[in-house]
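Participant: Supplied in structure tokens, the structure appears directly below.
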Amino acid sequence: MTIRPGNGGRKSDAKPGSDGVMYTPSWRELHRYVVSTQLCSGCSGCIVECPYDMLTYDGDVPRQHFLPNMPADFCLVAENRECDFCARACPRLGDWELDAGRLLFGLDYPGKADEMGHYQDVVVARARDAEIFHAGVDGGVVTGLLVWLLDQGLIDGVILSGFDEGRPWIPVPLVARTAEEVVAGAGSKYTYSANPLALLDASAADLHNLAFVGVPCQIEYIRKAQVTNFGDSPLRRFVDRIKLTVGLVCSEVFAFEGFMNNLIAKGLDVDLKDVRLIKIKGKILVYLKDGNVKEVSLKDAKQYSRPQCSYCGDFTAEWADIAAGGMGTMDWTILLLRTSIGKDVYRKAERAGIFETAPVHDFPKSFELLKKVSLKEKRIQMSRYETLREQDCIGPEVVTWPK
Ligand SMILES: Cc1cc2nc3c(=O)[nH]c(=O)nc-3n(C[C@H](O)[C@H](O)[C@H](O)COP(=O)(O)OP(=O)(O)OC[C@H]3O[C@@H](n4cnc5c(N)ncnc54)[C@H](O)[C@@H]3O)c2cc1C
Ligand code: SF4
Ligand code: SF4
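In this text, residue positions in the sequence shown follow our numbering: the first is 1183, and each later residue adds one.
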């Protein structure tokens, strides 16, 4: 389980203000305790949920743009104590894991919990379809599964990270409606893609059966919004459209300018439009469209790590229905089937014959590595939080909305 500062975003967390009224945190507190402390992962959940379009996405973080001349932590609606949606949605504010744990992994849940959270099964697989396998970063299982779900009519769209033809390798949050669009989005972009933003397009297109692919911090937003004021929360108008979450194992992402432009484009003297795929396997492997492969040291990339990722302890997408990674494997995807929904969907696709599978015990090092890194990330997160606590940067004090 991860740890969080403060008590943000639930009626039961409201605190009395100086006038004796109960208030919950809103944009001011979110800005103070999350955005300005680098706790903010940039998941974009607060922007999606803001009903008044007060926030925009700017440099991987939310920014108040409605009244640009006012301070960054000012929201007109929140100051009038009429809204706290952003704080309610933010997974880095307040405790929501117990509720989410009950919802996803209730008492009757047959799975187990260890360094990597709860899961029912671990499988290793790769896509049989040659085009999908070629497009995928590991075994292409994530793409294969999503294409199969669309083909079966079980979902009407997939939220993922696509590409923009005119701006090579800039990740674009996208609602894919066809198999071609899903395959075009395959592969890992190691810079941040705020996939939840595509929920706004999915909602405008009136899609109600979505699969969502994203990094763990984005799955956390979805789960927090699903369990906040469970049953009647207006927050659920977007996230309830998501029927399956696929979380990508994630240790960190890098800043675009440093990683893609300096390290890869300039460092390897390649044009980004000629790069087909990037894999991180101890080192960074850059696959070019002409068939050549170039390499760069992972150590050289560390200077471009996003600082906010060091506050994240959710390496293996603990709240996803299915978590997918490629730690220590080449051309195979390791999957943690966490929830019953995730397990059922994967098993159905497997029975349909779309995957080649391998015994997990053929990859003993990968599995141990996943556990080891997961534990390490949690320890780093805890020490980061400790520092914030010492700097008195944790926990809400002023709160803004009467309940
Ligand atoms: C930033 C990042 C860091 C990762 N770090 C690790 C790691 O440390 N250890 C590990 O074992 N695995 C890591 N992974 C997961 C791994 O790279 C593969 O995504 C996973 O194994 C699934 O492989 P696949 O071939 O089945 O996926 P694919 O079939 O290639 O599908 C991948 C899906 O992920 C989506 N996607 C790609 N990039 C992003 C992004 N930046 N944000 C949101 N969605 C995205 C794509 O749109 C696509 O739908 C990381 C992935 C990312 C994106
Ligand atoms: S919801 Fe996401 S983007 Fe918004 S403040 Fe929280 S972590 Fe940052
Ligand atoms: S490490 Fe990955 S999951 Fe964690 S904040 Fe960074 S991008 Fe999000």
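Note that CB positions come from ideal geometry on N, CA and C, so glycine has one too. Since the structure is predicted, the reported quantities are computational estimates derived from the model, not experimental observations.
Once you ignore the five residues that flank Val1323 on each side, which residues in its own chain have a CB closer than 7 Å to its CB?
Facilitator: Taking the first residue of the sequence shown as 1, we reach residue 1323 at position 141. Result list for Val1323: Ala1307, Arg1308, Ala1309, Ala1506, Thr1515, Leu1517, Phe1537, in chain order.
Participant: Looking only at C-alpha atoms, which of Glu1362, Trp1501, Ile1314 sits nearest to Phe1287?
Facilitator: Residue 1287 sits at position 105 when you count from the first residue of the sequence shown. For the residues Glu1362, Trp1501, Ile1314, the minimum Cα distance to Phe1287 belongs to Trp1501.
Participant: Does Thr1515 come out as helix, strand or coil in the three-state DSSP assignment?
Facilitator: Here residue 1515 is taken as the residue at index 333 of the sequence shown, counted from 1. Reduced to three states, the DSSP call for Thr1515 is strand.
Participant: Would you tell me roughly how many angstroms separate the C-alpha atoms of Ile1341 and Lys1481, rounded to the nearest one?
Facilitator: Here residue 1341 refers to the residue found at position 159 of the sequence shown. Here residue 1481 refers to the residue found at position 299 of the sequence shown. Straight-line Cα distance between these residues: approximately 31 Å.
Participant: May I have the straight-line CA-CA distance separating Leu1327 from Ala1531, to the nearest angstrom?
Facilitator: On the sequence shown, position 145 is the one that residue 1327 refers to. On the sequence shown, position 349 is the one that residue 1531 refers to. Answer to the nearest angstrom: the Cα atoms are 7 Å apart.
Participant: If we count the other Cβ atoms within 10 Å of its Cβ and call it buried at 16 or more, is Pro1378 buried or exposed?
Facilitator: By one-based count along the sequence shown, residue 1378 stands at place 196. It is buried - the Cβ of Pro1378 has at least 16 other Cβ atoms within 10 Å.
Participant: Thinking C-beta only, is Gln1302 closer than 7 Å to Leu1519?
Facilitator: On the sequence shown, position 337 is the one that residue 1519 refers to. On the sequence shown, position 120 is the one that residue 1302 refers to. Cβ distance < 7 Å, so Leu1519 and Gln1302 count as in contact.
Participant: Quick check: does the Cβ of Val1216 come within less than 6 Å of any heavy atom belonging to ligand 2?
Facilitator: Position 34 of the sequence shown, counting from 1, holds the residue named residue 1216. Val1216 Cβ: within cutoff of ligand 2.
Participant: To the nearest whole angstrom, what separates the beta carbons of Val1364 and Val1329, a pair I think is in contact under 8 Å?
Facilitator: Locating residue 1364 in the sequence shown gives position 182, counting from the first residue. Locating residue 1329 in the sequence shown gives position 147, counting from the first residue. Correct: roughly 5 Å between the Cβ atoms.
Participant: Put Ala1506 into one of helix, strand or coil per three-state DSSP.
Facilitator: Counting from 1 along the sequence shown, the entry for residue 1506 is found at position 324. Of the three classes helix, strand and coil, the one that applies to Ala1506 here is strand, per DSSP.
Participant: Under 8 Å by Cβ, that's how I've got Leu1417 and Ala1271 pegged, so tell me the actual separation to the nearest angstrom.
Facilitator: Within the sequence shown, residue 1417 is the residue found at index 235, counting from 1. Within the sequence shown, residue 1271 is the residue found at index 89, counting from 1. At roughly 6 Å, the Cβ-Cβ gap stays under 8 Å, so Leu1417 and Ala1271 are in contact.
Participant: If you check the beta carbons only, do Tyr1486 and Phe1436 fall under 7 Å apart?
Facilitator: Counting from one through the sequence shown, the residue named residue 1486 turns up at place 304. Counting from one through the sequence shown, the residue named residue 1436 turns up at place 254. Yes. Within cutoff.
Participant: For Arg1566, which residues of its own chain have a beta-carbon under 7 Å away from its beta-carbon, when the five flanking residues on both sides are left out?
Facilitator: Here residue 1566 refers to the residue found at position 384 of the sequence shown. So the qualifying residues of the chain are Ser1492, Tyr1493.
Participant: Who pairs with Asp1303 in a beta bridge, going by DSSP?
Facilitator: Numbered from its first residue, the sequence shown carries residue 1303 at position 121. Leu1519.
Participant: So, are the CB atoms of Tyr1239 and Ala1376 less than 7 Å apart?
Facilitator: Stepping through the sequence shown from its first residue, residue 1239 is reached at position 57. Stepping through the sequence shown from its first residue, residue 1376 is reached at position 194. It is a contact, given that the beta carbons lie within the stated cut-off.
Participant: So for Ile1401, helix, strand or coil by DSSP?
Facilitator: Sequence index remark: in the sequence shown, residue 1401 carries index 219 (1-based). Three-state DSSP puts Ile1401 in a helix.
Participant: Given the structure, does Leu1557 come close to ligand 1, in the sense that its CB is under 6 Å from one of the ligand's heavy atoms?
Facilitator: For the purposes of this step, residue 1557 is taken as residue 375 along the sequence shown, with counting starting at 1. Checking the Cβ of Leu1557 against ligand 1 gives no.
Participant: What does a CB cutoff of less than 6 Å around Arg1359 pick up in its chain, not counting 5 residues either side in sequence?
Facilitator: For the purposes of this step, residue 1359 is identified with residue 177 of the sequence shown, where counting begins at 1. Closer than 6 Å at the Cβ level, and outside the excluded window around Arg1359, lie Gly1339.
Participant: Assign Thr1373 to buried or exposed, taking buried as 16 or more other Cβ atoms, counted over all protein chains shown, within 10 Å of its Cβ.
Facilitator: Mapped onto the sequence shown, residue 1373 falls at position 191. Burial call: buried.
Participant: Would you say the beta carbon of Val1475 is closer than 6 Å to some non-hydrogen atom of ligand 3?
Facilitator: Position 293 of the sequence shown holds residue 1475. For ligand 3, not one heavy atom lies less than 6 Å from the Cβ of Val1475.
Participant: Strictly by DSSP, which residues pair up with Tyr1424?
Facilitator: Taking the sequence shown and counting its residues from 1, the one referred to as residue 1424 is at position 242. Here residue 1424 is Ile; the residue named in the question, Tyr, does not match the sequence. According to DSSP, Ile1424 bridges with Leu1392.
Participant: Would you mind reading off the limits of the beta strand (DSSP E) that contains Tyr1493?
Facilitator: To locate residue 1493, count along the sequence shown from 1; it is residue 311. First-last for Tyr1493: undefined, no H or E at that position.
Participant: Going by Cα to Cα distance, which pick from Ala1368, Asp1296, Arg1263 is closest to Arg1210?
Facilitator: Indexing the sequence shown from 1 puts residue 1210 at position 28. Out of Ala1368, Asp1296, Arg1263, Arg1263 has the C-alpha closest to the C-alpha of Arg1210.
Participant: Can you tell me whether Tyr1291 is helix, strand or coil according to DSSP?
Facilitator: Start at 1 with the first residue of the sequence shown, and residue 1291 comes out as number 109. Coil at Tyr1291, not helix or strand.
Participant: Assuming contact is defined by CB atoms lying nearer than 7 Å, are Met1236 and Trp1351 in contact in what I supplied?
Facilitator: Along the sequence shown, one-based indexing puts residue 1236 at 54. Along the sequence shown, one-based indexing puts residue 1351 at 169. It is not a contact, given that the beta carbons lie outside the stated cut-off.
Participant: In whole angstroms, what separates the C-alpha of Gly1524 from that of Phe1248?
Facilitator: By one-based count along the sequence shown, residue 1524 stands at place 342. By one-based count along the sequence shown, residue 1248 stands at place 66. So the two alpha carbons sit approximately 39 Å from each other.
Participant: If I measure Cβ to Cβ from Glu1579 and keep anything under 7 Å in the same chain, skipping five residues before and after, which residues do I get?
Facilitator: What you label residue 1579 is simply residue 397 of the sequence shown in a count that begins at 1. Low local confidence applies: a pLDDT of 40 at Glu1579 is under 50, so the model's placement there is unreliable, with the coordinate-based value given in what follows. Excluding positions up to five away in sequence, the list is empty.
Participant: Please say whether Leu1275 and Val1357 have beta carbons closer to each other than 7 Å?
Facilitator: Within the sequence shown, the letter at position 175 stands for residue 1357. Within the sequence shown, the letter at position 93 stands for residue 1275. Taking 7 Å as the Cβ cut-off, Val1357 and Leu1275 do not qualify as a contacting pair.
Participant: Put Thr1360 into one of helix, strand or coil per three-state DSSP.
Facilitator: Within the sequence shown, the letter at position 178 stands for residue 1360. Reduced to three states, the DSSP call for Thr1360 is coil.
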